[in-house]
Every structure is written in structure tokens, then in C-alpha cells.
DNA sequence: TGTACATCAGTGAACGCGCGTTCACTGATGTAC
DNA sequence: TGTACATCAGTGAACGCGCGTTCACTGATGTAC
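Residue numbers (my numbering), protein chains in the order written: chain P, 1 to 200; chain F, 1001 to 1200.
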């Protein structure tokens, strides 16, 4: 009986581990090519398993994608949190610069986020999970604005700042005839213009 | 000879007219369902023609989509221009409210715009056409900021404002558990928070 | 006026592809007696 | 210790779909003589 439970738990751990290996593979693929061209077969190949096996661990493709995205989102949120704590005095311009840079460097997650935002066909459960992540990110921004002694409704400031940064990252992404470096510099420049106005 | 030219020109006009009918049909379909689920066959059905015929007027699907989008973009730009001219004194909050409302009501064009912004695989010619439209829109915003006697680099302000509005429209689109009206109100609220900060 | 030919808008059927997902099966491991 | 059975991770092949695009063809209209 006791032994039984132990074995059972081991099997569960094994299953969990395999599940994580699949998400790991997904993360690697997402870093490689635009998210909307990633297929279940790609991820299976990267993980070294049959693509049919993925369906023993995830009900469908969308769930796996959301799962992988949430991993990246957690990293982004952790990064932002540390950024805000970093120094005694935070400058919103500095945070903006680092935040934009980070999102550019982790582009596939940013793309996935906007994709999920635009996609109307997500299941309610998945939407809820995505929103939990979004709220966690907004919590960090709240902390930033509180540290900056912002007046008024702090949460609404976080909403506004977050939305504006998203806009910057989407709008200038395909700036024609500009190199990656130039695009990045422009995004940071525009991001700072907005950020300054949140300083009041 | 003379007659020849006339006939030729009539045939050209006819061709142009057919082309426009196809784009009209595309516009209607785009208003009906999310743009990424629109197929060449849908548009052909709406236009009452064989889907093969579309390829006698457009080299490929993407070109047709861009063409249809540019029509909508022109309308948006015209709307924005009139909005700015409307009264002796413009208020950026009012412009923001009307602009956001308009984009919500013409959602499919907004969706297409973000799609094109995120899509890395556009041909150079199409990108150029899209950017011409974007520049025309920024020109209108320039006029707004000039009328508001903004200081500093007006064009950069237009960039910042435009990007921020895009962000608002994307970020809160799927606000969970909120009705369409509530979402709209929230977008306008956040939009105004940002807009106020551009008033300085 | 009649005839042979050219042009070209328009079509239905088919091609070919890649995809998400499911199926029937294998084979290793554990379990009961 | 041996044997029959159950479980379940894992698989390759196949299903079925919808799509963008192309093809071979039709038929109406215009043109040349």
C-alpha cells in the first residue's frame, strides 16, 4: 500500500518531467521562429518524441502554447520586479529602456502575448490563466508608480503605461529600411517620450 | 485608331470596376468575421464570382488584403483629419475619445493593421504602401499637435501618441468578463489618461 | 455579309500542402495468483 | 518461480480539412480579310 503510493507518485513525477521537457522544447522553438509558424510537429521533433505523444500531455495545441507562454511571462514579470527593486531611486526612463530592450530580446513571447490578446477564440480557462499573468505584471508596475509617489489611481496608471509600451513594440516593429539596432533605438526613444509624461 | 483607343480605355475601366467590386466584397467580409479567418473563397462568394477570377485581378491573396485595408485606412485618416479641423479649439481628450470609438467600430481594419505590423513576411512593395498610409495618419496627428502648440519634436509626439493608442486598443480588447460597452469605456478612460499627458 | 482567327474574362475541377488530431498497435513493466 | 493478464507510455500511419493557387477549358466579343 505504502509502496504502491510511492510508485504512483514516482510515475506522476515522471509524467510531470516529460511534460516539462515538451514545454522546454516549445520554448526553444519559439525562440527560433515566428510563433505562428510553429507546429506541433516542430516541437515534437525538437523534444525527440513522436508528435502523437504531445496529445498524451496536452489536450490540444493551444493549451501547450499557453503553457509555454506563461513560462516566458513569468520570466518577464520577474525581470520587471527585479528592475524596479534594483536601486534606491528608480527612474521610469531607465525602467522603460530596460523593459523595452528585454521585450525586444524575447520577441517571441511578446508576439505570443499580442496574438493571445487579438485572438477571440480562447477557452475561458486559458483566458483566466493569461489574465492572472497580466495582473501579476500590472502589480509590479503598481509598485513602480507607488515608489515614484504617483498621484491618482495607480492601477489605471499601470494600465496606461503597459498599454502604451505594448503599442510602441507593435507599431515600430517593421519600421521600413531600418536595421534592428535602429528600430530598437527608436522604440526606446518613443518609449521614453511616453514614460517622461508619466513622471509628473 | 481613335475608336480603338476608346474601346481599350473602356475595357480598362471595366477591369478597374471589377477590381473594385472585389475589394468592396472583401470589405464587407472583413466587417463580418475576423480577418485571419477570411479566405479567397469567402470573398469570391460574396462578390458572386469564381474564386479563380480573383487571381486575374490580384497576384495573390496578400495583395488583395492590403488593397482592401488601404481603403479602410484612408477612411480612418479622413475621419481623423476632419475631427481635428472640426472646431476652432481642439481638445486632445475629445479627439482621443472619438478616435478610439471609431477604431473600435471599424475593428477589422484595426486588426488588419496590427496583423501587418506583426507580420514579417510582407513584400517590399506592400510594406511601402502601408507606410505611406501610416505617414499620412501621422501627418494628421502632427497637425493636431501643432494646433495644440506642442513644444519639441512634433513628429515624435505623433509617433508616441499613435503607438500608445494602438497599445490601448490591443491590450484591453479581451478584457475578461466585460461587455463590449465596458471594454470601450475602459479603453477611452485609459486613452484619455495617456492623452492628458500629451497636453503639457 | 460571311468566315476564320485572336483575345480575354470567366469558370469548375484539381493540385498539393501542411496542419491538428486520432487510431490501432507495440512493448515494456507491474500485478495477481 | 512461473504464468496470465492489465496498464500505459509511446509510436507511425492515416484521416480529414481548408486553404492558396493553377490548369485546361468555354464562350462571348472583336478583328481582318
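Even for Gly, the Cβ is constructed at its ideal location relative to N, Cα and C.
All of these numbers come straight from a predicted model, not from anything done at the bench.
| Item | Value |
| --- | --- |
| Tell me whether residue 1158 of chain F is buried or exposed, calling it buried when 16 or more other Cβ atoms sit within 10 Å of its Cβ. | buried |
| Between the stretch 88-107 of chain P and the stretch 1017-1026 of chain F, do three or more beta carbon pairs fall short of 8 angstroms? | no |
| Given this structure, state the Cα-to-Cα distance separating residue 1026 of chain F from residue 147 of chain P, to the nearest angstrom. | 50 angstroms |
| Over the uninterrupted alpha helix (DSSP H) stretch that includes residue 1075 of chain F, give me the two end residues. | 1061-1085 |
| Spatial neighbours of residue 1 of chain P within its chain, please: C-beta separation below 8 angstroms, excluding the five flanking residues on both sides. | Because the pLDDT at residue 1 of chain P is just 45, under 50, the model does not fix this residue reliably, and the value given afterwards should be weighed accordingly. Once the five neighbours on either side are set aside, residue 1 of chain P has no close Cβ partner at all. |
| Which value, in whole angstroms, describes the spacing of the CA atoms of residue 128 of chain P and residue 1018 of chain F? | 46 angstroms |
| Whose CA, out of F/1076, F/1090, F/1061, F/1114, lies closest to the CA of residue 1040 of chain F? | F/1061 |
| Closer than 8 angstroms between beta carbons: that is the criterion. Which residues of the stretch 125-154 of chain P meet it against chain F? | 127, 128, 131 |
| How many Å lie between residue 33 of chain P and residue 1089 of chain F at the Cα? | 49 angstroms |
| Would you call residue 1003 of chain F buried or exposed, if buried means 16 or more other Cβ atoms sit within 10 Å of its Cβ? | Note that residue 1003 of chain F scores a pLDDT of 49, beneath 50, so its modelled location is shaky and nothing firm can be said. |
| Along the chain, where does the alpha helix (DSSP H) that runs through residue 49 of chain P open and close? | That residue, residue 49 of chain P, is in no alpha helix (DSSP H); it is neither H nor E in DSSP. |
| Can residue 43 of chain P and residue 1163 of chain F be called in contact, C-beta distance under 9 angstroms? | no |
| Spell out a yes or no on whether the stretch 1119-1136 of chain F and the stretch 1055-1073 of chain F are touching, meaning 3 or more CB-CB pairs, one atom from each, closer than 8 angstroms. | yes |
| Are the stretch 137-152 of chain P and the stretch 1096-1105 of chain F in contact at 8 angstroms, needing three or more beta carbon pairs? | no |
| What number of angstroms, rounded off, separates the C-alpha of residue 1059 of chain F from the C-alpha of residue 1014 of chain F? | 18 angstroms |
| Would DSSP call residue 257 of chain P helix, strand or coil? | This structure gives no information on residue 257 of chain P, because the portion of chain P shown stretches from 1 to 200. |
| Taking the C-alpha atoms as reference points, what is the distance between residue 1193 of chain F and residue 96 of chain P? | 18 angstroms |
| Short of 6 angstroms in beta carbon distance, which residues of its chain neighbour residue 1112 of chain F, apart from the five on each side in sequence? Order them along the chain. | 1035, 1069 |
| Please report the straight-line C-alpha distance between residue 145 of chain P and residue 1200 of chain F, rounded to a whole angstrom. | 20 angstroms |
| Going by DSSP in three states, residue 149 of chain P sits in which element: helix, strand or coil? | coil |
| Excluding sequence positions up to five away, which residues of its chain have a Cβ less than 6 angstroms from the Cβ of residue 175 of chain P? | 183 |
| Starting from the Cα of residue 1165 of chain F, find the closest Cα among F/1037, F/1196, F/1124, F/1152 and give me that residue. | F/1196 |
| Please report the straight-line C-alpha distance between residue 1057 of chain F and residue 1118 of chain F, rounded to a whole angstrom. | 26 angstroms |
| By Cβ distance below 8 angstroms, which residues in the same chain neighbour residue 1084 of chain F in space, the five residues on each side in sequence not counted? | 1090, 1095, 1140, 1143, 1144, 1147 |
| Does DSSP put residue 1186 of chain F in a helix, a strand or coil? | helix |
| Using C-beta distances below 6 angstroms, list every residue in its chain close to residue 12 of chain P, excluding the 5 sequence neighbours before and after it, in chain order. | none |
| At a Cβ threshold of 9 angstroms, is residue 1084 of chain F touching chain P? | no |
| Let me confirm a value: residue 1080 of chain F is counted as buried when at least 16 other C-beta atoms fall within 10 Å, else exposed. Which label applies? | buried |
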